[in-house]
Amino acid sequence: MEIKELREREQSGDWSVSLSGVKLDNPVIPASGCFGFGYGMAEYYDINILGSISFKGTTLNPRFGNPLPRVAECEAGMINSVGLQNPGIEKVISEELPKMRAVFHKPIIANISGFAIDEYVECCRLIDKEEQVEIIELNVSCPNVHGGGMSFGTQPESVAEVVRAVKKVINKPLYVKLTPNVTDIVAIAKAAVDAGADGLCLINTMLGMRIDLKTGKPIIANVMGGFSGPAIFPVALRMVWQVSHAVDVPTIGCGGVSTADDVKEMMLAGATAVQVGAANLRDPYACKRIIENL
Amino acid sequence: MKNYRNIETVYTVTANEPLTHKTWRMRLSGDTSELTRAGQFVNLMIDGKYLRRPISVSDYNSGELMLLYDVVGSGTKAMSEMKPGTEINTLTGLGNGFTEDMDTEHPVLLGGGIGCAPLLNLARKLLARGITPTVILGFNTAKDVAMKEDFKEIGLDAIICTVDGSDGVKGFVTDAINALPFRPDYFYACGPMPMLRAVCTGLDFPGEVSLESRMGCGFGACMCCSIETKDSAKRICKDGPVFSKDELIWK
Numbered sequence: 004m005e006i007k008e009l010r011e012r013e014q015s016g017d018w019s020v021s022l023s024g025v026k027l028d029n030p031v032i033p034a035s036g037c038f039g040f041g042y043g044m045a046e047y048y049d050i051n052i053l054g055s056i057s058f059k060g061t062t063l064n065p066r067f068g069n070p071l072p073r074v075a076e077c078e079a080g081m082i083n084s085v086g087l088q089n090p091g092i093e094k095v096i097s098e099e100l101p102k103m104r105a106v107f108h109k110p111i112i113a114n115i116s117g118f119a120i121d122e123y124v125e126c127c128r129l130i131d132k133e134e135q136v137e138i139i140e141l142n143v144s145c146p147n148v149h150g151g152g153m154s155f156g157t158q159p160e161s162v163a164e165v166v167r168a169v170k171k172v173i174n175k176p177l178y179v180k181l182t183p184n185v186t187d188i189v190a191i192a193k194a195a196v197d198a199g200a201d202g203l204c205l206i207n208t209m210l211g212m213r214i215d216l217k218t219g220k221p222i223i224a225n226v227m228g229g230f231s232g233p234a235i236f237p238v239a240l241r242m243v244w245q246v247s248h249a250v251d252v253p254t255i256g257c258g259g260v261s262t263a264d265d266v267k268e269m270m271l272a273g274a275t276a277v278q279v280g281a282a283n284l285r286d287p288y289a290c291k292r293i294i295e296n297l
Numbered sequence: 502m503k504n505y506r507n508i509e510t511v512y513t514v515t516a517n518e519p520l521t522h523k524t525w526r527m528r529l530s531g532d533t534s535e536l537t538r539a540g541q542f543v544n545l546m547i548d549g550k551y552l553r554r555p556i557s558v559s560d561y562n563s564g565e566l567m568l569l570y571d572v573v574g575s576g577t578k579a580m581s582e583m584k585p586g587t588e589i590n591t592l593t594g595l596g597n598g599f600t601e602d603m604d605t606e607h608p609v610l611l612g613g614g615i616g617c618a619p620l621l622n623l624a625r626k627l628l629a630r631g632i633t634p635t636v637i638l639g640f641n642t643a644k645d646v647a648m649k650e651d652f653k654e655i656g657l658d659a660i661i662c663t664v665d666g667s668d669g670v671k672g673f674v675t676d677a678i679n680a681l682p683f684r685p686d687y688f689y690a691c692g693p694m695p696m697l698r699a700v701c702t703g704l705d706f707p708g709e710v711s712l713e714s715r716m717g718c719g720f721g722a723c724m725c726c727s728i729e730t731k732d733s734a735k736r737i738c739k740d741g742p743v744f745s746k747d748e749l750i751w752k
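Residue numbers (our numbering), protein chains in the order written: chain L, 4 to 297; chain E, 502 to 752.
Written as structure tokens, this is what we have:
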């Protein structure tokens, strides 16, 4: 988006955007893992004001996730290491999605994770058939258990491999959520697009850690975790700029977005839509405030 | 038109003072209408901190609430420096709270350290139902003892126990229960995990406990405070913090 278009949108109040043909009333989307399956947040405001919701990261099998503590305070942000707690794709489809659809009537983004290619493929095949799920978002930040534990998203080849495999079994647009914990995000982004990704979402959390000065031990039980919050916004913005200038598919900007101005800045950097993560945890009304202030 | 819960409010500090060398009491004024049960908590936004600080409500009425907190880190240190008049953006009415209407004749309230705090409002609610609870408050040592006077004010003589025997009964709250001349029929407990484990695995009558945890959001969105229960994974902040003894798994 150019500054001229920003001024026109501010004037008209029309913030509608399109992601690979999926029309959203506005570009504001709660990021996966910060909004559950939406229905819990529907206690606090009308969630149908949102452009979309990226639901809680879902895997083939149920997962309890990591031991506690899973969260640590940081300057202008937080570290989490939840470990993809979710009830598994079967229960997500039979229990969570119906509850979500009962209160949310806009396009849903399904965030899917896996620890092996066949897990991604099976999960995406199942979720692709679900009504109201209009975009599948692939979280490639998980470790590949068959690849020495290296995250899928850190090598162009492994990203391409998982994208190609998933594209064969789905009809809906596939967006890849990129990890920033790489040396060259543009190379990874291009590999995903060349393999058939319809769009990209960036960035996932940055790997970080904290140590408790009283005990000398890491605060997070799993030692390291994902750093998010306003502190990472400039990094996310820079990566959105780099990637959206290098590929021809839409990008969703994510990372530290907390205000309407952050949304506009992300769009000026090249993002078509924007995800809001940690801000929802500090302020349950964050997305509502952002939309009202656009 | 659906009525949405407005859990965000601004409280004003009306008093903030130390009770012991580490435990402080903060009194606040503001809208308490979202608080409906003893054992719920509030989540305070503190200048310079990204995550809010979850603190259980010790007592409340229409327009006022009281929090007790131990100064353990930079967040609670900042709280202790707040002067009367300070405004705090707060998420209120969080968590499920204690089962105030439990069918019980002789309940015992078991507090450990700062976990004694939410039992005060619970005791008041039980008294209002005509039930006189036995209150046992456990601390490490005499200089940690707090809240005895708060219970005295509502007509309850709390039994104090200390691990080193420097005040009251020597030992743990479980030792004090075993010394009671009668058998309680229900317990409500809040305190550190080792105490709750001892209570849940050691007492042969039913009860419920309030758990604490580092939290991300405090309202059920992030799964940072999940525990495995016999039924399923549950969020301490949203499905708890109070859980029945029968639900919990002690590994």
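Even glycine gets a Cβ: it sits at the ideal position worked out from N, Cα and C.
These numbers come from a predicted model, not from an experiment.
query                                                                                                                               : result
Straight-line gap, Ser35/L to Ala281/L (C-alpha atoms, nearest Å)                                                                   : 10 Å
For Asn296/L and Val266/L, the rounded distance between their alpha carbons                                                         : 10 Å
As assigned by DSSP and simplified to three states, the class of Gly36/L                                                            : coil
Cross-chain neighbours of Glu76/L in chain E, by beta carbon under 8 Å                                                              : Lys550, Tyr551, Leu552 and Gly576
Proximity of Lys746/E and Pro707/E at Cβ, strictly below 8 Å                                                                        : yes
Arg625/E (DSSP reduced to helix, strand or coil)                                                                                    : helix
Val664/E to Asn641/E span [Cα, whole Å]                                                                                             : 5 Å
Where the region 716 to 727 of chain E meets chain L: residues whose CB sits under 8 Å from a CB there                              : Met716, Gly717, Cys718, Phe720, Gly721, Ala722, Cys723, Met724, Cys725, Cys726 and Ser727
Given Glu46/L as reference, the closest of Leu749/E, Tyr512/E, Ala722/E and Asp658/E once Cα atoms are compared                     : Ala722/E
Chain E residues whose Cβ lies nearer than 8 Å to that of Gly91/L                                                                   : Per Cβ cutoff of 8 Å: no residues; Gly91/L is ~12 Å from chain E at best.
Ala579/E versus Ser161/L: straight-line alpha-carbon distance, rounded                                                              : 47 Å
From Arg528/E, Thr521/E and Leu520/E, residue whose alpha carbon lies closest to that of Val758/E                                   : Chain E is shown only over 502 to 752; residue 758/E falls outside these bounds and no answer can be derived.
Interface flag, Leu520/E vs chain L, CB-CB below 8 Å                                                                                : no
Exposed unless 16 or more other CB atoms sit within 10 angstroms - verdict on Pro682/E                                              : exposed
Validate contact between the region 112 to 124 of chain L and the region 137 to 153 of chain L using beta carbons, cut 8 Å, 3 pairs : yes
Closer than 9 Å at the beta carbon, the chain L residues around Leu536/E                                                            : Correct list: empty, because the minimum Cβ distance to chain L is about 16 Å.
Under 8 Å between C-beta atoms of Ala539/E and Glu601/E                                                                             : yes
Where Glu61/L falls: helix, strand or coil (DSSP)                                                                                   : One detail in the question is off: residue 61/L reads as Thr in this sequence, not Glu. Strand, per DSSP.
Three-pair Cβ contact test at 8 Å for the region 608 to 619 of chain E versus the region 583 to 595 of chain E                      : no
Buried or exposed by the 16-neighbour rule on C-beta atoms within 10 Å, applied to Met153/L                                         : exposed
8 Å Cβ cutoff, Leu271/L in contact with chain E                                                                                     : no
Bridge partners - Ser154/L, DSSP secondary structure assignment                                                                     : Pro146/L
Within-8 Å CB hit, Ala579/E to chain L                                                                                              : no
Backbone secondary structure at Leu203/L - three-state DSSP                                                                         : strand
Sequence ranges, alpha helix (DSSP H) only - wholly within the region 79 to 111 of chain L, length at least 4                       : 100 to 106
Beta bridge counterpart(s) of Met270/L as assigned by DSSP                                                                          : DSSP, once it has assigned bridges, lists no residue as partnering Met270/L.
Identity of the residue in Asn597/E, Thr521/E and Glu565/E nearest Ser497/E by Cα                                                   : Absent from the structure is residue 497/E, since the part of chain E shown begins at 502 and ends at 752.
First and last residue of the uninterrupted alpha helix (DSSP H) at Asn174/L                                                        : Taken as a continuous stretch (DSSP letters only), Asn174/L belongs to no alpha helix (DSSP H), as it is neither H nor E.
Given 8 Å, three or more beta-carbon pairs between the region 97 to 110 of chain L and the region 50 to 57 of chain L               : yes
At least 3 beta-carbon pairs within less than 8 Å: the region 229 to 243 of chain L vs the region 72 to 82 of chain L               : yes
Contact set between Ser714/E and chain L, taken where Cβ atoms lie within less than 8 Å                                             : Leu71 and Pro72
Reference Lys59/L, options Asn89/L, Ile139/L and Gly68/L, closest by Cα                                                             : Asn89/L
Same chain only: Cβ atoms within 7 Å of Lys26/L, ignoring 5 sequence neighbours per side                                            : Ser19
8 Å contact criterion, which Asn544/E and Gly741/E should meet: CB distance rounded                                                 : Contact doesn't hold; Cβ gap of about 14 Å is too wide.
Reduced DSSP secondary structure (H/G/I, E/B, other) of Thr663/E                                                                    : strand
Residue of Thr593/E, Ala659/E and Arg553/E minimising C-alpha distance to Gly564/E                                                  : Thr593/E
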